[in-house]
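Sequential numbering from -14 applies to the sequence shown in this note's numbering. By construction, the Cβ of each residue, glycine as well, lies at the ideal position given by its N, Cα and C atoms. On a predicted model such as this, the values are computed, not experimentally measured, just so you know.
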Amino acid sequence: MDELQEWLDKLENYRLPRFEDLPELDLYRDQLLTLVDKYIGPIWLEDGPVVTTSMVNNYVKNGLLPHPIKKRYTREHLAYLIAITFLKQVVSINEIQAGLEIQTNLNGGIAKAFDFFCDKQELALKMLNHREEGQILSEKNQSSAYLMVEMATMSFATKLITKKILMIESNNQDEKSE
-14 MDELQEWLDK LENYRLPRFE DLPELDLYRD QLLTLVDKYI GPIWLEDGPV VTTSMVNNYV
46 KNGLLPHPIK KRYTREHLAY LIAITFLKQV VSINEIQAGL EIQTNLNGGI AKAFDFFCDK
106 QELALKMLNH REEGQILSEK NQSSAYLMVE MATMSFATKL ITKKILMIES NNQDEKSE
């Protein structure tokens, strides 16, 4: 469990940039991809790049990302792409789109919504290292096999509640527009 504990300690110190920390200058796609890799790469477990050109193209085509302006991307694009990269590990593209719209409207824009997301993502990662305090684990010093089951079941439970919240919010939005 020493390797796991070292990784958890690394997660606890992980920080995402806040909206004001994102570059103000417009970026070309390769710069955008490089920055996403810089911000997310330190905790990324998958082989290969964090985000690819085809992913960005698909996100634009599907309306998750605004179209670039003269092949250039803004800090808004970067904020959306960072959030999408995390969220696609948990929920579908349609659910991401609905969730982004809800949070952006609720927080009064992308800047506040992105900062809120970053705060919550960092807190969630930090909680993994303090799971005894949060009572996720029922017994201290469980083996990694027990921890794996506990985390997988917790992942399902949080994914389930996320989907339910999105359903409720979508229904509330539909009722307001009628």
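| query | result |
| --- | --- |
| If you count every other CB in all the chains shown that lies within 10 Å of the CB of residue 98, and 16 or more means buried, which is it? | buried |
| On the DSSP bridge assignment, give the partners of residue 54 in chain order. | 57 |
| Please classify residue 143: is it buried, with 16 or more other beta-carbons within 10 angstroms of its beta-carbon, or exposed? | exposed |
| Are the CB atoms of residue 44 and residue 17 nearer to each other than 8 Å? | no |
| With distances taken between CB atoms, is the gap from residue 35 to residue 70 smaller than 8 Å? | yes |
| If residue 78 sits next to residue 21, beta carbons under 8 Å apart, how far is it from one beta carbon to the other, in whole angstroms? | The pair is not a contact, with the Cβ atoms about 17 Å apart (cut-off 8 Å). |
| Would a C-beta distance cut-off of 8 Å place residue 84 and residue 151 closer than the cut-off? | yes |
| Roughly how many whole angstroms lie between the Cα atoms of residue 6 and residue 87? | 23 Å |
| Say yes only if the C-beta of residue 141 is nearer than 7 Å to one or more non-hydrogen atoms of the ligand ATP, and no if none qualify. | Among the components modelled here there is no ligand, and therefore nothing to report on the ligand ATP. |
| Note down, in chain order, each residue of its chain lying with its Cβ closer than 8 Å to the Cβ of residue -7, except the 5 sequence neighbours on either side. | 113 and 114 |
| Return the CA-CA distance between residue 11 and residue -11, expressed in angstroms with no decimal places. | 39 Å |
| From the DSSP output, which residues share a beta bridge with residue 12? | 58 |
| Rounded C-beta distance between residue -3 and residue 111? I'm assuming under 8 Å. | 5 Å |
| Under a three-way DSSP split, which group does residue 107 fall into? | helix |
| In angstroms with no decimal places, state the Cα-to-Cα distance between residue 14 and residue 148. | 31 Å |
| Ignore the nearest five residues each way along the sequence and tell me which others in residue 25's own chain have a CB closer than 7 Å to its CB. | 35, 67 and 70 |
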